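Student: Per our numbering, the very first residue in the sequence shown carries number 116; after that it's consecutive. Just passing along the structure, written as structure tokens.
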Amino acid sequence: MKKEDMNTIKRSEKTRYITSSFVLLLFLLSIGLVACGPDANSLPANSNPVPTITIDVSKSQKDIPNSPMNNLQCGAWVTDATPPYLNGQARFGANGRFVQLVNGNPQGVAGATVTATITWGDYMQETQTKTTNADGFVVFELSTANHFNAIGKNSLITMNFNKDGLGQCKVGDDRPAFFTLTNPTPTQQPSKTPTCTPGKKNCNKH
Numbered sequence: 116m117k118k119e120d121m122n123t124i125k126r127s128e129k130t131r132y133i134t135s136s137f138v139l140l141l142f143l144l145s146i147g148l149v150a151c152g153p154d155a156n157s158l159p160a161n162s163n164p165v166p167t168i169t170i171d172v173s174k175s176q177k178d179i180p181n182s183p184m185n186n187l188q189c190g191a192w193v194t195d196a197t198p199p200y201l202n203g204q205a206r207f208g209a210n211g212r213f214v215q216l217v218n219g220n221p222q223g224v225a226g227a228t229v230t231a232t233i234t235w236g237d238y239m240q241e242t243q244t245k246t247t248n249a250d251g252f253v254v255f256e257l258s259t260a261n262h263f264n265a266i267g268k269n270s271l272i273t274m275n276f277n278k279d280g281l282g283q284c285k286v287g288d289d290r291p292a293f294f295t296l297t298n299p300t301p302t303q304q305p306s307k308t309p310t311c312t313p314g315k316k317n318c319n320k321h
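Below, the structure is given as structure tokens:
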């Protein structure tokens, strides 16, 4: 073999060696970059932390009607479900009560604000506000005046109870108190037949 051919072969082998070494070096560098790269769950040093939301459970419970945390209960009813209209002169009561269960026993909530909404059968609506007594009771006085068109139709009553610092309770449309105005016909008294006593004036014998 000629000397020139041998030199050519050596140069070719040297070139392949350098090329292979360079490719291997690039492969090792790429592995190192992946291994040293930032964690997917990490944040850059100059980034802002993700804000978190804190929920005050004690406060949110106070905003929930019929709070189970405070064991609050309430109710509304009428003593006469069919009150008479009486030419708009009749008055009757709508009752409510607000209690808190203490060791399983209901105790009246005094000084609570109660708002009653009365929706009459004639679609007229009125609102009254009162305060519960020491036993948690409240009574709203209703008048039949101007409610002739409500006769024979259901009228509904809802109530909202609220005591600052304790909580609230609602008698809503799902369980309202109700009544129906009536207009009874007056009973006619039978006419009295005059009695005749013999010997008295104006006594006609038959």
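Glycine is no exception: its CB is placed at the ideal position from the N, C-alpha and C atoms. Computed from a predicted structure; not experimentally measured.
1) My output table needs one value for Ala196: the three-state DSSP class, helix, strand or coil.
2) Using 7 Å as the threshold, is the C-beta distance between Thr104 and Val253 below it?
3) Please state the DSSP three-state secondary structure of Ala265.
4) To the nearest angstrom, how far is the alpha carbon of Leu216 from that of Pro299?
5) Roughly how far, in whole angstroms, is the beta-carbon of Gly208 from the beta-carbon of Ala249, given that I think they are within contact range, below 8 Å?
6) Which partner residues of Met274 appear in the DSSP bridge assignment?
7) Roughly how many angstroms separate the alpha carbons of Ile266 and Thr194, rounded to a whole number?
8) Label Lys268 either buried or exposed according to how many other C-beta atoms from any shown protein chain fall within 10 Å of its C-beta, with 16 as the threshold for buried.
Tutor: So, from the data block:
1) coil
2) Summary: the structure shown does not reach residue 104, with the chain confined to residues 116 through 321, and so no result is reported for it.
3) helix
4) 42 Å
5) So it is not a contact: roughly 18 Å between Cβ atoms.
6) Ala231, Val286
7) 18 Å
8) Here Lys268 is exposed: its Cβ has fewer than 16 other Cβ atoms, across all protein chains shown, within 10 Å.
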